[in-house]
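Engineer:
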Amino acid sequence: MQFPNPFKLLIISLFLLLALLRPKTIAGKVDQTNTEFSLKYIVIDPGHGGKDPGCVSRSGVAEKDITLAVSRKLVEFLREKTEYEAFLTRTDDRFVSLRQRVEFANQEIFPPNQSILLSLHCNSFKDRRIHGMESFKFDLDATDELAAELVERENAQEEVDKFDFMIISLRKRGNEKYTRQVAQILQELLVSQLGVKNRNLSASEKTGVRGAPFYILAWTKMPSILLELGFISNDVERKKMTEEKYQKEIASTLVRGIKKFDRQLQ
Ligand SMILES: [Zn+2]
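Letter 205 of the sequence shown, counting from 1, is numbered 217 in our numbering, and no numbers are missing.
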């Protein structure tokens, strides 16, 4: 974590003061954004790539390959079966920094009130019995210890400034509702359709959505969530995730979830 300079602290204090003094205006803006959301663009972010393999199993299965395979299928299905315009932050096995991914998603062609971002990952844990699916939205503090550990690994590439994140967490309130909604719907559908363990049940919130300060979720302007599709460290789950049939099942379930989210918007 960087130490804030006095100028930055002053700006943050002024911003927070403004937020406190003008709650009505800010609330008004939030409402306005809410009513205007209409889904058109889906940005899919296959975690890791190139020199960054993500988690790697003892047998050599790499997270970057699973996230790319599922993401490619997801984009293919979205283009075939829906009217949404789907994009990938990387299309092959190359290194793309978290900063570049954020820059891609924040382009003007993806208005934050017409777009969502799904960042796909796989988890790993020292206890190989641990398995299941997790989904995350941005939160200033991780909701639990395991999430904090995970976020440290996924953010490893970029320096994270907690004071910047405080500003962001205020800014992100505008689309918080959609982020939570899309995370909830996708998690529920994936768990019920694929018969995997719902690891969000340990979330402290009743909604079952976990939160953590992931870099990619923090800096993207559109509603964005991060999905941990399964544990590479678990033999059964790793084997399933490398099978094309299972990858297609994940992708088609995500398509159904995105459509369900869109229906709920209307
Ligand atoms: Zn990852």
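In this text, a Cβ means the ideal position worked out from N, Cα and C, and glycines have one as well.
1. Residue 148 by DSSP, collapsed to three states: which one?
2. Please tell me whether residue 66 and residue 133 are closer than 8 Å, where the distance is taken between their beta carbons.
3. Can you find a heavy atom of ligand 1 that lies under 7 Å from the Cβ of residue 75?
4. Hey, could you find the ends of the alpha helix (DSSP H) residue 77 is sitting in?
5. Which parts of the stretch 175-238 are runs of the alpha helix (DSSP H), unbroken and 4 residues or longer, counting only runs that do not cross its ends?
6. What's the call for residue 110, buried or exposed, on a 16-neighbour Cβ count within 10 Å?
7. Indicate whether residue 239 and residue 136 have their beta-carbon atoms separated by less than 8 Å.
8. Using a Cβ-Cβ cutoff of less than 7 Å, which residues in the same chain neighbour residue 120 once the five nearest sequence positions on both sides are dropped?
9. Is residue 143 near ligand 1, with its Cβ less than 7 Å from a heavy atom?
10. Please report the distance separating the alpha-carbon of residue 69 from that of residue 115.
11. From the DSSP output, read off the bridge partner residues of residue 68.
Structural biologist: Based on what the coordinates show:
1. Collapsing the DSSP output to three states places residue 148 in a strand.
2. Contact flag set, yes.
3. Checking the Cβ of residue 75 against ligand 1 gives yes.
4. Annotation: the continuous alpha helix (DSSP H) that includes residue 77 extends over 75-93.
5. Segments of the alpha helix (DSSP H) lying fully in the stretch 175-238: 188-206 and 227-231.
6. With 16 or more other Cβ atoms inside 10 Å of its own Cβ, residue 110 counts as buried.
7. In this structure, residue 239 lies away from residue 136, with their beta-carbon atoms at least 8 Å apart.
8. Result list for residue 120: empty, nothing under 7 Å.
9. No, ligand 1 has no heavy atom inside 7 Å of this Cβ.
10. Between the C-alpha atoms of residue 69 and residue 115 there is a straight-line separation of about 30 Å.
11. In the DSSP assignment, the residues bridged to residue 68 are 74.
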